[in-house]
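A short write-up of the structure that comes next.
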Amino acid sequence: MFTPVIMAGGSGTRLWPLSRGNFPKQFLPLTGRHTMLQQTLLRLSGLQHSTPLLICNEDHRFIAAEQIRQLGNGKADILLEPAGRNTAPAIALAALRAKQQGHAEAVLLVLAADHVINNTPAFQQAVEQALPLAQGGQLVTFGIVPSSAETGYGYIKRGEKSGNAYRVDSFIEKPDLSTAEFYLQSGEYYWNSGMFMFRADIYLQQLQKFRPDIYAACEAAMTEQVADLEFVRVNKTAFEACPSDSIDYAVMEKTEHAVAVPLDAGWNDVGGFAALWQVSAKDTDGNVLCGDVLALDSENSYVRSDDKLVAAIGVKDLVVISTKDAVLVAHKDQAQQVKQIVNQLAQMGRSEAVFHREVYRPWGKYDSVDCAERFQVKRITVKPGAKLSVQMHHHRAEHWIVVSGTARVTIDGKEQYVTENQSVYIPITAVHALENPGKVPLELIEVQSGAYLGEDDIVRFEDRYGRA
Numbered sequence: 001m002f003t004p005v006i007m008a009g010g011s012g013t014r015l016w017p018l019s020r021g022n023f024p025k026q027f028l029p030l031t032g033r034h035t036m037l038q039q040t041l042l043r044l045s046g047l048q049h050s051t052p053l054l055i056c057n058e059d060h061r062f063i064a065a066e067q068i069r070q071l072g073n074g075k076a077d078i079l080l081e082p083a084g085r086n087t088a089p090a091i092a093l094a095a096l097r098a099k100q101q102g103h104a105e106a107v108l109l110v111l112a113a114d115h116v117i118n119n120t121p122a123f124q125q126a127v128e129q130a131l132p133l134a135q136g137g138q139l140v141t142f143g144i145v146p147s148s149a150e151t152g153y154g155y156i157k158r159g160e161k162s163g164n165a166y167r168v169d170s171f172i173e174k175p176d177l178s179t180a181e182f183y184l185q186s187g188e189y190y191w192n193s194g195m196f197m198f199r200a201d202i203y204l205q206q207l208q209k210f211r212p213d214i215y216a217a218c219e220a221a222m223t224e225q226v227a228d229l230e231f232v233r234v235n236k237t238a239f240e241a242c243p244s245d246s247i248d249y250a251v252m253e254k255t256e257h258a259v260a261v262p263l264d265a266g267w268n269d270v271g272g273f274a275a276l277w278q279v280s281a282k283d284t285d286g287n288v289l290c291g292d293v294l295a296l297d298s299e300n301s302y303v304r305s306d307d308k309l310v311a312a313i314g315v316k317d318l319v320v321i322s323t324k325d326a327v328l329v330a331h332k333d334q335a336q337q338v339k340q341i342v343n344q345l346a347q348m349g350r351s352e353a354v355f356h357r358e359v360y361r362p363w364g365k366y367d368s369v370d371c372a373e374r375f376q377v378k379r380i381t382v383k384p385g386a387k388l389s390v391q392m393h394h395h396r397a398e399h400w401i402v403v404s405g406t407a408r409v410t411i412d413g414k415e416q417y418v419t420e421n422q423s424v425y426i427p428i429t430a431v432h433a434l435e436n437p438g439k440v441p442l443e444l445i446e447v448q449s450g451a452y453l454g455e456d457d458i459v460r461f462e463d464r465y466g467r468a
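With the UniProt record's numbering applied, the sequence shown closes on residue 468, and no number is skipped along the way.
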């Protein structure tokens, strides 16, 4: 028995505009109908494990909870990171939580939420091989059997054989091409997967030995835990004071107890569009076509459209991504540079760096259809039984036109029902709320008008999602 610890942080900027700061790649269905987070959870099916612990960013908590709910019988505890501090502190939170719950010797299987693993049986076999090693006090890392000379991955050099594993000789930074080719030919090196298995108490002992500052900060953060709906919050001030470091640098490169279990299971960290093209199903011309796409005389390209028709003619080795609010065209060999575009957008204060046009909320979602200086039009979807916060705006009025379903609307204490083809007006400063009392999604068009239309012009008085 073990406890899966799933790391669901990160912004996935190298997959912009599909991945954004507010909705990163681990929550996207990039290689199938399930999202990458959901695939990570489903990959554990059949293994004997306790309830998974998901560690994610505060801003992503409702997205993560909804995607877990969509799996039906799936469930997970969700621990919120007040700030990003890399993997060593995040894993320390999980280990300390196990210790506080009386399970100090619990085995933790640390997984990233944004990896592709095509061969689930091979993955599960490696986990079962690693379990007795972890129970015996070893810190296990899963070394990916390399299939090519990759310069984008760190490497692990194996030492002497120890049962189903190898002692770790050393961790190696990303090499140049000639060095990577040597590693591939030697057969003594693995890609560093960033997946681990060890007992909670052993990890904490090693962390306290090599990085007592990280250990102390995380211990202080875990002394104050607050349950918020299905989420667990820790002390924000204490955790923000924690140094940022990876588990590799903080522990694995220093410990004498590191072993590597080989894993040959079609692993890929999907670190960019070239990798996404590599792991996706292709047509006879080597193209990956997703959405409303037509391709003519095109080869080895990744073309994806989220809404409109995209026609590609005579293109080769290109990445073409069309979302509702952005278009990316890049050569596959240069697609990693998209991160520089995201940095430019952030410096310019452009919302496209962080948000999609369609934004998910705990009650549903909204799509910003059109906007200008003094108006904005949104398409709003409210889930059955969900309710937006009781709120007020200082600078804008709103018109709601119901397209389908029934809305329960409260304005300054007066309640009314608004059905299809009916509308209602909410004046500036009116205290109002919107609820879907029905069994089907509520669809409506919202027209905002006023001097200021920003999302921060919301005064919440009451909110069932704890945002008031």
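Beta carbons: idealized from backbone N, C-alpha and C, even for Gly.
- Nearest Cα to V390 within the set R467, S301 and N235: R467.
- Burial check for N343: the Cβ neighbour count within 10 Å stays below 16, so the residue is exposed.
- Taking a contact as a CB-CB distance under 8 angstroms, the pair V270 and L276 counts as one, their CB atoms being some 5 angstroms apart.
- About 11 angstroms separates the beta carbon of E435 from that of K383, a gap too long to meet the 8 angstroms contact definition.
- For Y366 and S178, the gap between their C-alpha atoms comes out near 50 angstroms.
- I428 has no beta-bridge partner at all, per DSSP.
- Here P24 is buried: its Cβ has 16 or more other Cβ atoms, across all protein chains shown, within 10 Å.
- The shortest CA-to-CA distance from I78 to any of A98, I63 and C56 is the one to C56.
- Non-local C-beta neighbours of A330 in its own chain, meaning closer than 6 angstroms and more than five positions away in sequence, comprise V319, ordered along the chain.
- With contact defined as three or more Cβ pairs closer than 8 angstroms, the region 210-223 and the region 142-155 are not in contact.
- For W400, the enclosing beta strand (DSSP E) covers residues R396 to S404.
- The residue from T87, P29 and H49 with its alpha-carbon nearest to that of V251 is T87.
- Relative to the Cα of Q138, the nearest Cα in the group N118, G159, E150 and R167 belongs to R167.
- Rounded to whole angstroms, I117 and D213 show a C-alpha spacing of 35 angstroms.
- For H257, no pairing in a beta bridge is given by DSSP.
- Between the C-alpha atoms of E446 and P175 there is a straight-line separation of about 53 angstroms.
- Between the alpha carbons of V402 and V315 lies a gap of roughly 43 angstroms.
- If the five residues before and after A65 are omitted, its C-beta is found closer than 7 angstroms to the C-beta atoms of I78 and E230, all from its own chain and listed in chain order.
- Within the region 266-313, the alpha helix (DSSP H) runs of at least 4 residues that lie entirely inside it are, in chain order, 273-279.
- Our two residues, F196 and S322, have alpha carbons roughly 36 angstroms apart in a direct line.
- Distances from the CA of D228 to each of E240, I172, R61 and D283 were compared; the closest alpha carbon is that of R61.
- Distance check between V310 and each of D317, A104, L294 and L131 places L294 closest, using alpha-carbon atoms only.
- In the structure shown, the three-state DSSP call for Y249 is helix.
- At the C-beta level, A112 and M7 come within 8 angstroms of one another.
- Contact between H115 and N268 is confirmed by a C-beta separation of about 7 angstroms, below the 8 angstroms threshold.
- Ranking I144, A312, A430 and Y425 by CA distance to the CA of A122 puts I144 first.
- Per DSSP, L53 lies in no alpha helix (DSSP H); the unbroken beta strand (DSSP E) holding it starts and ends at L53 to N57.
- Non-local beta-carbon contacts of E224 in its own chain, meaning distances under 7 angstroms to residues more than five positions away in sequence, involve V234 and N235 in chain order.
- The three-state reading of DSSP puts V440 in coil, since its state is none of H, G, I, E or B.
- About 5 angstroms separates the beta carbons of T3 and S50, which is inside the 8 angstroms limit, making them a contact pair.
- Inter-residue distance for V279 and Q129 is about 26 angstroms (C-alpha atoms, whole angstroms).
- Contact annotation: T419 and T410 have beta-carbon atoms that are not nearer than 8 angstroms.
- Comparing alpha carbon positions, the residue from A353, Q376 and I68 closest to V327 is A353.
- According to the DSSP assignment, Q416 belongs to the beta strand (DSSP E) that extends over K414 to V418.
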